[in-house]
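Asks: Each number in my numbering comes from the position in the sequence shown (counting from 1) with 14 added on.
The following block contains the structure, expressed as structure tokens.
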Amino acid sequence: MDIQSEVMKFIDNIPNENLRKDNRKTLREYMVGFMSVVARQKAVMCMILGKCHEQTELIEDKLEKLQSTNKESIQMNFAPATKFLSKSKSRSRGERKG
Numbered sequence: 015m016d017i018q019s020e021v022m023k024f025i026d027n028i029p030n031e032n033l034r035k036d037n038r039k040t041l042r043e044y045m046v047g048f049m050s051v052v053a054r055q056k057a058v059m060c061m062i063l064g065k066c067h068e069q070t071e072l073i074e075d076k077l078e079k080l081q082s083t084n085k086e087s088i089q090m091n092f093a094p095a096t097k098f099l100s101k102s103k104s105r106s107r108g109e110r111k112g
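Here it is as structure tokens:
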């Protein structure tokens, strides 16, 4: 709110010969409206950035878990998988032609 008070002081300190009273009041109203819009946009951006940060942490956590699980499964499943590979190169009797 410090910026808002500085803006209002700036408007109030404009010399009277440069700005009529009606125009000063209108300018003040416009600035108040503008500052409220900026404050709302800032709040929305903070919420969005907070959500993005949460999503980034969640994705990184899931990725780390996936990588560690994948490494463990590769190490554990490699040996049993090689046991079941067929070592015979000849055809079975049912596959004979002729």
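Glycine included, every Cβ here is placed at the ideal spot set by N, Cα and C.
1. Compute the Euclidean distance between the alpha carbons of PHE24 and MET45, then round it to the nearest angstrom.
2. For ARG34, which of helix, strand or coil comes out of DSSP?
3. Taking Cβ to Cβ, would you say GLN18 is nearer than 8 angstroms to MET49?
4. Is DSSP giving ILE17 helix, strand or coil here?
5. What number of angstroms, rounded off, separates the C-alpha of ALA57 from the C-alpha of ILE28?
6. Relative to the alpha-carbon of VAL21, which residue among GLU43, LEU63, GLN55 and GLU78 has its alpha-carbon at the smallest distance?
Replies: Looking at the atomic coordinates:
1. Our two residues, PHE24 and MET45, have alpha carbons roughly 11 angstroms apart in a direct line.
2. coil
3. yes
4. Helix at ILE17.
5. 30 angstroms
6. Among GLU43, LEU63, GLN55 and GLU78, the Cα nearest to that of VAL21 belongs to GLU43.
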